[in-house]
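Below is one structure; the comments refer to it alone.
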Amino acid sequence: MAEDYVRLRLRFKDLEDLPAGEGMWGLPVDAHDGGGTYRLLNSSFMVPLAAGDTVRAALDGRGGLQIVDIVEPCDRVLTVTAYAETVDPDEAQRIADAWTAGNDGWTEGTNGLLYTTWPAGMRLPEIDVVLRGSIGHLPDWEWHATAQPSDRERCQHHEVDFELDTEAPPVHETDYWAPEDPVWAERGISDPETLAYIQRLAGEDPRVARTLKNGKHDNVLRYIERLSAEDPWSLPALEEPLLDEA
Numbered sequence: 134m135a136e137d138y139v140r141l142r143l144r145f146k147d148l149e150d151l152p153a154g155e156g157m158w159g160l161p162v163d164a165h166d167g168g169g170t171y172r173l174l175n176s177s178f179m180v181p182l183a184a185g186d187t188v189r190a191a192l193d194g195r196g197g198l199q200i201v202d203i204v205e206p207c208d209r210v211l212t213v214t215a216y217a218e219t220v221d222p223d224e225a226q227r228i229a230d231a232w233t234a235g236n237d238g239w240t241e242g243t244n245g246l247l248y249t250t251w252p253a254g255m256r257l258p259e260i261d262v263v264l265r266g267s268i269g270h271l272p273d274w275e276w277h278a279t280a281q282p283s284d285r286e287r288c289q290h291h292e293v294d295f296e297l298d299t300e301a302p303p304v305h306e307t308d309y310w311a312p313e314d315p316v317w318a319e320r321g322i323s324d325p326e327t328l329a330y331i332q333r334l335a336g337e338d339p340r341v342a343r344t345l346k347n348g349k350h351d352n353v354l355r356y357i358e359r360l361s362a363e364d365p366w367s368l369p370a371l372e373e374p375l376l377d378e379a
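In my numbering, the protein residues as written are 134 to 379.
Structure, rendered in structure tokens:
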């Protein structure tokens with residue numbers, strides 16, 4: 134269902150021909166408030182990642198979900214087809230839709246390029262027959278690129294920055310910064326995902342940042358426990374609020 138879709142950020146390395154990142158849509162597979170695994174619902178227009186590929190994402194410093202790993206490419210071929218500026222984009226999309234009519238493949242397009250995720254089990258010789266029969270006689274069209282599942286594994290994505298961006302600015306003005314708080318290191322909490330989640334809470338709720346600055350880290354941990362509880366009603370009632378008000 135559409136309400137289950139989540140926005141994911143694909144972060145790129147600082148390269149001249151790439152933007153800082155690309156927005157993707159994902160469907161939770163095994164996810165929680167701090168991230169998890171997601172199945173991509175669209176293909177990347179920048180790097181070989183196809184709709185259907187499973188990725189892992191974690192909360193970055195600004196509270197968004199950043200893709201930090203490629204778990205498993207789906208068993209589908211991704212192709213990129215180019216057409217000239219003289220071709221009407223609506224007509225190009227109509228032609229592309231015919232390639233996967235009646236099956237579960239689909240095509241997305243932008244800037245004269247069509248990204249087609251072919252049905253599961255359809256191999257290159259079959260795709261070649263379809264494309265040759267459709268655009269083989271059109272001089273303004275070109276089968277531009279192909280990405281097999283093996284081309285979409287993590288080791289192939291040298292342009293993607295999978296390191297979690299924990300230095301993104303918080304949502305609201307606060308001088309609290311979880312990665313630099315020595316108390317978390319003293320408690321053995323040092324993994325970027327957990328610190329990014331704490332920073333997200335501090336950025337979204339001034340009470341969380343205030344409680345941490347007052348040194349009440351146990352209160353925040355109890356607050357997180359309550360947020361993550363499947364049945365918060367089963368937790369004991371509080372004798373006093375966990376978070377400090379203004």
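The beta carbon of each residue, even a glycine, is placed where N, CA and C say it ideally should be.
Where does the unbroken beta strand (DSSP E) through residue i begin, and where does it stop?
| i | result |
| --- | --- |
| Gly159 | 154 to 165 |
| Glu319 | Not the beta strand (DSSP E): Glu319 falls in the alpha helix (DSSP H), residues 315 to 319. |
| Glu275 | 274 to 280 |
| Glu241 | 239 to 243 |
Rounded to whole angstroms, what's the CA-CA distance from residue i to residue j? Just pull it up for me.
| i | j | result |
| --- | --- | --- |
| Ala135 | Glu286 | Residue confidence for Ala135 is low, a pLDDT of 47 falling below 50, so the modelled location carries little weight and cannot support an answer. |
| His270 | Thr219 | 16 Å |
| Pro206 | Ser177 | 13 Å |
| Val204 | Ile228 | 33 Å |
| Tyr216 | Trp317 | 54 Å |
| Ser283 | Gly254 | 14 Å |
| Glu241 | Asn175 | 8 Å |
| Ala329 | Asp223 | 42 Å |
| Arg195 | Gly154 | 14 Å |
| Val263 | Val139 | 33 Å |
| Asp298 | Gly197 | 10 Å |
| Gly238 | Ala183 | 11 Å |
| Pro152 | Ala342 | 32 Å |
| Asp338 | Tyr248 | 40 Å |
| Ala190 | Ser323 | 18 Å |
| Thr250 | Ile357 | 40 Å |
| Thr327 | Asp150 | 32 Å |
| Glu259 | Gly245 | 24 Å |
| Asp314 | Thr243 | 44 Å |
| Arg256 | Thr212 | 11 Å |
| Glu319 | Gln226 | 57 Å |
| Asp261 | Asp208 | 17 Å |
| Phe295 | Ala234 | 35 Å |
| Ala164 | Cys288 | 23 Å |
Pull up the DSSP beta-bridge partners for residue i, would you.
| i | result |
| --- | --- |
| Tyr171 | Pro161, Val188 |
| Arg140 | Trp158 |
| Ile203 | Val188 |
| Val213 | Tyr248, Ala278 |
| Val293 | Phe145 |
| Leu198 | Leu141, Leu192 |
By Cβ distance, which residues of its chain are closer than 8 Å to residue i, with the 5 residues on each side in sequence left out?
| i | result |
| --- | --- |
| Leu148 | Glu292 |
| Asn347 | Asp377 |
| Val162 | Gly169, Thr170, Tyr171, Arg172, Thr187 |
| Pro267 | Pro is not the amino acid found at residue 267; the sequence shown has Ser there. Taken in chain order, the residues that qualify are Ile228, Ala231, Trp232. |
| His290 | Val180, Pro181, Leu182, Ile203 |
| Asp307 | One detail in the question is off: residue 307 reads as Thr in this sequence, not Asp. Ala335, Gly336, Pro339, Ala342. |
| Asp273 | Tyr216, Ala217, Thr219, Val220 |
Among the residues of its own chain, which have a CB less than 7 Å from the CB of residue i, if the five just before and after it don't count?
| i | result |
| --- | --- |
| Asn236 | Pro252 |
| Gln199 | Arg142, Arg144, Ala190, Ala191, Asp193, Leu297, Asp298 |
Beta-carbon within less than 6 Å of residue i's beta-carbon, same chain only, minus the 5 sequence neighbours each way: which residues are those?
| i | result |
| --- | --- |
| Asn352 | Thr344, Leu375 |
| Val350 | Sequence check: residue 350 is His here, not Val. Within the same chain, His350 has close Cβ partners Val316. |
| Glu275 | Ala215 |
| Gln332 | Gly194, Ala311 |
| Pro325 | Leu297, Thr299 |
What distance in whole Å lies between the Cβ atoms of residue j and residue i, which are believed to be in contact at a cut-off of 8 Å?
| i | j | result |
| --- | --- | --- |
| Arg142 | Gly159 | Not a contact, Cβ separation roughly 10 Å. |
| Thr279 | Val210 | 7 Å |
| Leu354 | Asp166 | In fact, because the Cβ distance is near 14 Å, the residues do not count as touching under 8 Å. |
Could you give the residue range of the alpha helix (DSSP H) that holds residue i?
| i | result |
| --- | --- |
| Trp232 | 222 to 232 |
| Pro325 | 325 to 337 |
| Leu264 | 257 to 268 |
State yes or no: is the beta carbon of residue i nearer than 8 Å to at least one beta carbon in chain C?
| i | result |
| --- | --- |
| Thr219 | In the displayed structure, chain C is absent; only one protein chain is listed. |
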